[in-house]
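Accompanying notes for the structure given below.
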Amino acid sequence: MDFQWSRNGPMFQEPRWISCYSNQHLILLVGEGNFSFSASLGNAFGAATNMMATSLDSKDELLKKYGRMSEWNTINLMHRGALVFHGFDACKMAVQQKYLLSGFHLSLFHYIIFNFPHAGFLGKESDARVLKKHRELVRDFFANAKEMLLPGGQVHVRHKLGQPYDEWKLEELALSTGLKLVGRVRFQLHEFLGYQSCGGDGFRADESFKLGPADTYIFTAR
7 MDFQWSRNGP
17 MFQEPRWISC
27 YSNQHLILLV
37 GEGNFSFSAS
47 LGNAFGAATN
57 MMATSLDSKD
67 ELLKKYGRMS
77 EWNTINLMHR
87 GALVFHGFDA
97 CKMAVQQKYL
107 LSGFHLSLFH
117 YIIFNFPHAG
127 FLGKESDARV
137 LKKHRELVRD
147 FFANAKEMLL
157 PGGQVHVRHK
167 LGQPYDEWKL
177 EELALSTGLK
187 LVGRVRFQLH
197 EFLGYQSCGG
207 DGFRADESFK
217 LGPADTYIFT
227 AR
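Under our numbering, the first residue of the sequence shown carries the number 7, and numbering increases by one thereafter.
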């Protein structure tokens with residue numbers, strides 16, 4: 007696992023906000039592709055010592071998939087004081103964080119964010135086998151995220167609307183892991199300046215996908 011960091015602790019600042027997130031919150035982002043969403047938060051906050059941004063891909067894999075954009079965004083985040091991890095598995099992170107984050111100020115979080123989770127392009131999105139893989143990914147993420155929340159903390163999942171995405175049944179998966187849905191709001195892309203959704207895999211990974219209507223699903227511990 008690759009690890010990058012450029013600071014030694016939190017920086018106390020005047021509150022700055024982007025959407026519902028503040029630089030006073032401890033924020034974990036998982037499944038980042040080109041790191042443009044986490045960079046959007048860091049740019050809004052000024053300093054990002056409250057943030058940990060992670061990707062499943064290694065540093066080299068990111069460069070191959072997303073080109074220099076991912077490199078620029080991670081450098082920007084580190085310059086602002088964020089923790090950046092590569093090779094970080096959202097389905098195993100509760101175990102990883104026990105040894106990775108020992109001694110760091112970031113180990114439990116107010117917000118854990120997973121934007122448009124996707125298990126990979128394994129066939130048609132409506133195929134039962136593909137749907138099963140997507141649901142397994144989200145279920146395992148929920149189970150791990152629950153262990154990493156501060157009291158009153160929230161898990162935010164952004165997810166496309168309509169078929170076949172409604173068949174993921176996020177609320178059902180959350181309940182099975184000890185989380186509950188407490189809110190659902192329409193995702194407003196314009197709120198996150200610089201965020202560029204990306205394909206996530208294959209030779210066109212760096213191309214934006216058609217987002218369409220999407221919601222932010224908000225979960226807390228039951």
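C-beta atoms are modelled at their ideal positions from N, C-alpha and C, and glycine is treated no differently.
- Under the 8 Å Cβ criterion, the region 20-37 counts as touching the region 54-61, having at least three qualifying pairs.
- Annotation: LYS98 is outside any beta strand (DSSP E) and is labelled neither H nor E by DSSP.
- The region 169-179 makes contact with the region 132-149, as at least three CB pairs between them are under 8 Å.
- Counting along the chain, MET57 sits inside no alpha helix (DSSP H); it lies in the beta strand (DSSP E) bounded by residues 57-61.
- Using a 10 angstroms sphere on the CB of PHE148, the tally of other CB atoms reaches 16 or more, which defines it as buried.
- By the Cβ-count criterion, LEU68 is buried, with 16 or more other Cβ atoms from all chains shown falling within 10 Å of its own Cβ.
- In the DSSP annotation of this structure, ASP133 is not part of any alpha helix (DSSP H), being labelled neither H nor E.
- Between GLU153 and ILE24, the C-beta gap is not smaller than 8 Å, which leaves the two residues out of contact.
- Distances from the alpha-carbon of ALA125 to those of SER46, LEU62, ARG22 and PHE41 put LEU62 closest.
- CA-to-CA, the gap between LEU185 and LEU167 works out to about 21 Å.
- The residue among HIS162, VAL136, MET58 and ILE81 with its C-alpha nearest the C-alpha of PHE94 is MET58.
- Its chain contains LEU35 and HIS162 as the residues whose beta carbon lies nearer than 6 Å to that of ILE119, once the 5 sequence neighbours on both sides are disregarded; these appear in chain order.
- Put simply, of GLN194, LEU156, ASN49 and GLU20 the residue whose alpha carbon is nearest the alpha carbon of ASN121 is GLN194.
- Assignment of beta-bridge partners to ILE33 by DSSP yields MET57 and TYR117.
- Straight through space, the alpha carbons of THR226 and VAL188 are spaced by roughly 7 Å.
- If you draw a straight line from the Cα of SER46 to the Cα of ASN40, it is about 11 Å long.
- Between the C-alpha atoms of VAL136 and MET75 there is a straight-line separation of about 29 Å.
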